Amino acid sequence: DVKVTQSSRYLVKRTGEKVFLECVQDMDHENMFWYRQDPGLGLRLIYFSYDVKMKEKGDIPEGYSVSREKKERFSLILESASTNQTSMYLCASSLRSGRPYEQYFGPGTRLTVT
Amino acid sequence: QKEVEQNSGPLSVPEGAIASLNCTYSDRGSQSFFWYRQYSGKSPELIMSIYSNGDKEDGRFTAQLNKASQYVSLLIRDSQPSDSATYLCAVMGFYNQGGKLIFGQGTELSVKP
């Protein structure tokens, strides 16, 4: 079974703090993704990566950065957290070939910025 | 026009009935299609993937794809209260940069006992 884990289920941070969200997958997937999900807005892609050290902006990259130093790990960084970044953050991964492009999600991190 | 459209619902069906969830997409070159189930407060879970025109069955679930009409649907037979969730349709476009999927907004399904 594919397993995607995220570092925290719930996180509370203060405005202006630097926040790190980590995601690890154990299935040797090439592609990894960070989404945020808000009521009424659906899933929105923040950043994705198709290889180590490669990153691509998604639909809403402003205020975020990412790091992928190892194939299994993809980190999302909020450089200076703001209240409008309060959200559910979801990490996902997928293969580049084989069972093409099925994305598997981690359990999510509910981030509250106060 | 949104790239992937779903009726937001809620769709309410009685227990034991067939629930029909629909999704249309705008990119005619799309090749891969997925249905996810998401319970409240949980992350999306992949339930079906379909790549060719026609029907694909897995237990009580049937995915139907019609590329000419740019339409994909999910049928849930013998619906159970445990099927109550939001169902997300996802599509991979022709230019599938890095495995990126386009998600619909989701349809909320409520199965009444």
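Residue numbers (the working numbering), protein chains in the order written: chain F, 166 to 279; chain B, 1103 to 1215. Beta carbons are placed, not taken as given, at the ideal position from N, Cα and C, and that holds for glycine. This structure is a prediction, so every number in the text was calculated from the model and none was measured.
- Item | Identity of the residues DSSP links to Glu1210(B) by a beta bridge | Among the bridge pairs identified by DSSP, Glu1210(B) is matched with Thr1188(B).
- Task: If I'm right that Val1174(B) touches Ala1165(B) with Cβ under 8 Å, what's the distance once you round it to whole angstroms?
- Result: The Cβ separation is near 7 Å, so the contact holds.
- Item | Residue nearest to Lys183(F) in terms of C-alpha spacing, selected from Val231(F), Phe270(F), Ser258(F) | If you compare the alpha carbons of Val231(F), Phe270(F), Ser258(F) with that of Lys183(F), the shortest gap goes to Val231(F).
- Anything in chain B within Cβ reach of Leu255(F), meaning under 9 Å, just list it in chain order. Taking the beta carbon of Leu255(F) as reference, the chain B residues within 9 Å of it are Ser1145, Pro1146, listed in sequence order.
- Taking Cβ positions, are Thr180(F) and Thr277(F) nearer each other than 8 Å? Remark: C-beta atoms of Thr180(F) and Thr277(F) do not approach each other more closely than 8 Å.
- Query: In terms of residue numbering, what span does the beta strand (DSSP E) encompassing Lys178(F) cover?
  - Reply: First-last of the beta strand (DSSP E) with Lys178(F): 175 to 178.
- For Ser1114(B), I'd like the list of residues in its chain whose CB is within less than 7 Å of its CB, leaving aside the five on either flank, ordered along the chain. Answer for Ser1114(B): Ser1212, Lys1214, listed in chain order.
- For Ser259(F) versus Gln268(F), is the C-beta spacing smaller than 8 Å? Their beta carbons are under 8 Å apart, which means Ser259(F) touches Gln268(F) by this criterion.
- Proximal residues of chain F, C-beta to C-beta of Leu1203(B) below 8 Å: Going along chain F in sequence order, the residues near Leu1203(B) (Cβ under 8 Å) are Tyr266, Gln268.
- Item | Three-state class that DSSP yields for Pro1116(B) in the structure shown | Of the three classes helix, strand and coil, the one that applies to Pro1116(B) here is strand, per DSSP.
- Message: Please report the distance separating the alpha-carbon of Ser172(F) from that of Asn196(F).
- Response: If you draw a straight line from the Cα of Ser172(F) to the Cα of Asn196(F), it is about 19 Å long.
- Other residues of its chain near Asp1185(B): CB distance less than 6 Å, five sequence neighbours each side excluded: Here the set comprises Ile1178, Val1213.
- Query: Tell me the DSSP bridge mates of Gln1216(B)?
  - Reply: Given a span of 1103 to 1215 for chain B in the structure shown, any question on residue 1216(B) remains unanswerable.
- Task: Could you work out which residues of chain B lie near Gly207(F), taking near to mean beta carbons separated by less than 9 Å?
- Result: Leu1190, Phe1205, Gly1206, Gln1207, Gly1208, listed in chain order.
- chain F contacts from the segment 1111 to 1134 of chain B (Cβ-Cβ distance under 9 Å): Per Cβ criterion, the list reads Gln1133, Ser1134.
- Query: Excluding the five sequence neighbours on either side, which residues of its own chain have a C-beta within less than 8 Å of the C-beta of Phe213(F), listed in chain order?
  - Reply: For Phe213(F), the CB contacts under 8 Å within the same chain, skipping 5 residues up- and downstream, are Asn196, Met197, Phe198, Trp199, Lys220, Glu221, Gly223 in chain order.
- For the beta strand (DSSP E) holding Asp1157(B), just list the boundary residues, first then last. Start and end: 1156 to 1160.
- Phe239(F) versus chain B: which residues are under 7 Å apart at the beta carbon? Ordered by position in chain B, no residue passes the 7 Å Cβ test against Phe239(F), which lies about 12 Å from the chain.
- Exposed or buried, which one is Val206(F) when buried takes at least 16 other CB atoms within 10 Å? One point to set straight first is that residue 206(F) is Leu, not Val, in the sequence displayed. Label assigned to Leu206(F): exposed.
- Message: Checking the sheet assignment: what are the DSSP bridge partners for Tyr229(F)?
- Response: Answer is Leu243(F), bridged to Tyr229(F).
- Excluding sequence positions up to five away, which residues of its chain have a Cβ less than 7 Å from the Cβ of Asp280(F)? What is shown of chain F runs 166 to 279, which leaves residue 280(F) out entirely.
- Task: Under 7 Å Cβ to Cβ from Gly1118(B), same chain only, skipping five residues before and after it: list those, please.
- Result: Excluding residues within five positions, the ones whose Cβ falls inside 7 Å are Asp1180, Ser1181.
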